[in-house]
Amino acid sequence: MATIVQKFGGTSVGSIDLIRNVARRAAACRQQGNRVVVVVSAMAGETNRLLGLAREVCDLPHHREIDVLVSTGEQVSIALVALALQEAGVAARSLLGHQVRIVTDDAHGRARIQTIDASAVIEALELGEIVVVAGFQGVDAEGSITTLGRGGSDLSAVAMAAAINADVCEIYTDVDGIYTSDPNVVPGARKIARIGFEEMLELASLGAKVLQARSVEIAMKHGVRLHVRSSFHDGEGSYVVPEEEVMEGPVVTGVAYDRNTAKITVCAVRDDPGVAAQLLRPLGEAGINVDVIIQNVASEGHTDVSFTVPQNELESALAAIEHAARTLGSGTVTSDAHVAKVSVVGAGMRSQAGVAVAMFEALGAAGVNIQMITTSEIKISCVISEGSTELAVRALHEAYGLAMEPA
Ligand code: ADP
Ligand code: ASP
Ligand code: MG
0 MATIVQKFGG TSVGSIDLIR NVARRAAACR QQGNRVVVVV SAMAGETNRL LGLAREVCDL
60 PHHREIDVLV STGEQVSIAL VALALQEAGV AARSLLGHQV RIVTDDAHGR ARIQTIDASA
120 VIEALELGEI VVVAGFQGVD AEGSITTLGR GGSDLSAVAM AAAINADVCE IYTDVDGIYT
180 SDPNVVPGAR KIARIGFEEM LELASLGAKV LQARSVEIAM KHGVRLHVRS SFHDGEGSYV
240 VPEEEVMEGP VVTGVAYDRN TAKITVCAVR DDPGVAAQLL RPLGEAGINV DVIIQNVASE
300 GHTDVSFTVP QNELESALAA IEHAARTLGS GTVTSDAHVA KVSVVGAGMR SQAGVAVAMF
360 EALGAAGVNI QMITTSEIKI SCVISEGSTE LAVRALHEAY GLAMEPA
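Residue 300 in numbering that gives the first Met the number 0 is what sits at position 301 of the sequence shown, and the numbering runs on without skipping anything.
Here it is as structure tokens:
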């Protein structure tokens, strides 16, 4: 008897018919003799709708109350899935984050899971029930509801799989696997049968939202095998597995993009030791992730510093940085909300020269101007204007020949 966690995303539970489809799949898996835990997201569009309601009430809503509000989306889904299962004659029970006990820190909106006490889940499984768990949510030490960040139901599923030592964590979604790039942007994208944790983590961190980045991190840490597949039809999807199980791949495995990017430039910053830290510290304190950073060559003791932050945090980032820039006697602060980051990822890059040049050439030939560049061992990213995102992603996919099956 295998233990299987099945996670269904928003589009997979977007209507009552689809809820019935989820129940059918879970019941079939149970019928085959497996122990089944289903983790579900809110119905498609629901989390955004709830966030919109909060913004109608106030401009900067308190994160704790936002979590109380947005976590209701998943509560609706688990109840409907459990009801659909019971209606089909299958024993099932729904559990909220605090009932499972998924305990997190108190960083509302981006909480980290600290422990999972899965005894309630295991008890129900032993009774032969299908357990339907709310994704995206947990509870902090004070008993307040927390959420795990957008796309966080993937993380709930993987953490659950690790906690109950599941044989596999199946991620059911609206595409039938992991592709060389977003198949909704690149029509010629190719499905990848198996990908290593490390490359998948990099792709997800750089914007490939088919898996939430932290879910891949936890899967890698606990050795949870992921199977990303379609909730609409049968057939194999893509497996995320330890690196040693993947044959040596092409130099570049995939192209990712992140539109949730904004650029801030601080002019005339004093070129002295410690100044960069003083300038950027308030962002760290506000929990804002500073990504690509470039500093120009100094002239006359001053330099310009540019960096990117998530576009949805631009306002709070500007508030923090303007204060720091004034205190340091720096020049003007400007920002551009309409940039995006495009990246190429591949473990084979470590041993191959010329990958970056090929990227710059491809973007140049497509007429896309590069504003910032950053590299690491297995990725190269360029910040470009947001309007050119699709053009750039397609050009890179083409330039590295990703549509073709690797030799
Ligand atoms: P869910 O609601 O099921 O969690 P998401 O919308 O979060 O689904 O993730 C699925 C989407 O991820 C797909 O519709 C696709 O547009 C996007 N995506 C981005 N990059 C990739 C990729 N490399 N492979 C597959 N899908 C991708
Ligand atoms: N409902 C949450 C979101 O929209 C979590 C998820 O879908 O994974 O971000
Ligand atoms: Mg998702």
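Backbone N, C-alpha and C fix where the C-beta goes; we use that ideal spot for every residue, glycine too.
Residues bridged to residue i (per DSSP)
{"i": "F135", "result": "The partner list for F135 (beta bridge, DSSP) is empty, contrary to what the question assumes."}
{"i": "S380", "result": "S342, T373"}
{"i": "K220", "result": "In DSSP, K220 forms no bridge with anything."}
{"i": "K190", "result": "Y178"}
{"i": "H301", "result": "R269, S298"}
{"i": "S237", "result": "V227"}
{"i": "K6", "result": "V38, I170"}
{"i": "R92", "result": "V130"}
{"i": "V102", "result": "T114, V138"}
{"i": "I292", "result": "F306"}
Under 8 Å between C-beta atoms of residue i and residue j
{"i": "V132", "j": "V99", "result": "yes"}
{"i": "Q74", "j": "L94", "result": "no"}
{"i": "V308", "j": "N295", "result": "no"}
{"i": "E120", "j": "I3", "result": "For clarity, residue 120 is Val in the given sequence; the question names Glu instead. Not closer than 8 Å, so no."}
{"i": "L395", "j": "V341", "result": "yes"}
{"i": "A43", "j": "T10", "result": "yes"}
{"i": "A161", "j": "H221", "result": "yes"}
{"i": "G51", "j": "S152", "result": "no"}
{"i": "V250", "j": "T179", "result": "no"}
{"i": "A323", "j": "Q277", "result": "yes"}
{"i": "V392", "j": "V185", "result": "yes"}
{"i": "H301", "j": "R269", "result": "yes"}
{"i": "M371", "j": "I293", "result": "yes"}
{"i": "V343", "j": "Y256", "result": "no"}
{"i": "V291", "j": "S204", "result": "no"}
{"i": "T373", "j": "R258", "result": "no"}
{"i": "I129", "j": "V69", "result": "no"}
{"i": "M199", "j": "I177", "result": "yes"}
{"i": "A192", "j": "S230", "result": "no"}
{"i": "I194", "j": "T252", "result": "yes"}
{"i": "G187", "j": "P405", "result": "no"}
{"i": "E385", "j": "V338", "result": "yes"}
{"i": "D175", "j": "R224", "result": "no"}
Residue i versus the options, residue with shortest Cα-Cα distance
{"i": "G330", "options": "V167, Q351, R349, S305", "result": "S305"}
{"i": "I383", "options": "E397, A398, M358", "result": "M358"}
{"i": "E235", "options": "P281, I170, L317", "result": "I170"}
{"i": "L155", "options": "H97, H232, E197, V341", "result": "Reading off the sequence, residue 155 comes out as Ser, not Leu. Checked all of H97, H232, E197, V341; the closest Cα to S155 is H97."}
{"i": "A117", "options": "D104, A276, G137", "result": "G137"}
{"i": "H226", "options": "A165, E243, T260, T326", "result": "A165"}
{"i": "G150", "options": "T374, N47, L313, A27", "result": "N47"}
{"i": "D335", "options": "V343, R325, E314", "result": "E314"}
{"i": "D104", "options": "A352, T388, G142, L124", "result": "G142"}
{"i": "S40", "options": "R34, A83, G134, I129", "result": "G134"}
{"i": "V274", "options": "D257, Y256, D303, D290", "result": "D303"}
{"i": "K378", "options": "E201, G286, A365, A110", "result": "E201"}
{"i": "K208", "options": "V223, F231, G187, T172", "result": "T172"}
{"i": "T114", "options": "D139, L124, E128, I129", "result": "D139"}
{"i": "E376", "options": "R224, Q351, V245, I163", "result": "Q351"}
{"i": "I18", "options": "Q85, N311, R29, G206", "result": "Q85"}
{"i": "A212", "options": "S229, G148, V265, K190", "result": "G148"}
{"i": "V37", "options": "R224, E243, V21, A192", "result": "V21"}
{"i": "G286", "options": "A316, A1, E55, R54", "result": "A316"}
{"i": "E243", "options": "A365, M219, T260", "result": "M219"}
{"i": "E45", "options": "T333, L59, L279, G13", "result": "G13"}
{"i": "A25", "options": "G127, V67, E122", "result": "G127"}
{"i": "A90", "options": "E197, P182, L124, A402", "result": "L124"}
Enclosing beta strand (DSSP E) for residue i [first to last residue]
{"i": "S443", "result": "Any question about residue 443 goes unanswered here, given that the chain covers just 0 to 406."}
{"i": "G253", "result": "253–269"}
{"i": "L225", "result": "225–229"}
{"i": "T114", "result": "112–115"}
Delimiting residues of the alpha helix (DSSP H) encompassing residue i
{"i": "Q85", "result": "71–86"}
{"i": "A47", "result": "Reading off the sequence, residue 47 comes out as Asn, not Ala. Note, N47: alpha helix (DSSP H), 45–56."}
{"i": "T388", "result": "388–398"}
{"i": "H97", "result": "96–99"}
{"i": "I121", "result": "118–125"}
{"i": "V274", "result": "274–284"}
{"i": "V21", "result": "15–30"}
Near the ligand MN: residue i beta-carbon under 7 Å from a heavy atom
{"i": "G44", "result": "Absence of the ligand MN is noted for the structure shown, with the ligand ADP, the ligand ASP and the ligand MG being the only ligands found."}
Which full runs of the alpha helix (DSSP H) of 4+ residues lie inside the region 136–167, going along the chain?
-> 152–162
Those runs of the alpha helix (DSSP H) which lie wholly inside the region 322–367 and span at least 4 residues = 354–364
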